[in-house]
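Note that the UniProt record's numbering numbers the sequence shown so that position 122 is 122, with each residue one more than the last.
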Amino acid sequence: MNFFKFFKFFKFMHTPKSYFSIYNEYLNSYKKKINKIPFYIRRTASDNLPVFLKYKNNKNLVITVIRKIKGNKEILKREIKSICNSEVIEKPDSFLIRGNHKKKIKDVRKINKYYTCIYNIYIFKILF
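Encoded structure:
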């Protein structure tokens, strides 16, 4: 038996039951919050929102790209359309918006509040 596997098993054996019940309660409360969220956008590895600019036609045409979209895309599409006042083109894993709307999208708090719940669960799973 590998030492590290044994150590993980040993650590698991000597963990108090109250620890697991608190962990499960915390996790269940976040799962309920996630189910209420209509959509979310996963952050990049550097903890930024995946909003990029794409330049076309010799840098005359700017397109804003939003990637890593999960959930109900129609609701997110309507919200982005109201924020940017521009047409949103839907791709399988991203949205394309004509014009430079990167700052507008990153500043919107209504969209950002959906990420905090997902992000906190991810950090909680890493810590425990």
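A virtual CB, placed ideally from N, CA and C, is assigned to each residue, including glycine.
- DSSP places residue 77 in the uninterrupted alpha helix (DSSP H) bounded by 73 to 84.
- Our two residues, residue 63 and residue 27, have alpha carbons roughly 38 Å apart in a direct line.
- Rounded to the nearest whole angstrom, the C-alpha separation of residue 98 and residue 78 is 15 Å.
- Beta-bridge annotation (DSSP): residue 46 is not paired with any residue.
- In terms of Cβ geometry, residue 69 and residue 94 form a close pair [threshold 8 Å].
- Around the beta carbon of residue 89, fewer than 16 other beta carbons lie within 10 angstroms, which makes this residue exposed.
- Apart from sequence neighbours up to five positions away, the residues of its chain that approach residue 83 with a beta-carbon distance below 7 Å are 104, 105 and 108, ordered along the chain.
- In the DSSP assignment, residue 51 is bridged to 66.
- Secondary structure note for residue 88: its beta strand (DSSP E) is the uninterrupted segment 88 to 90.
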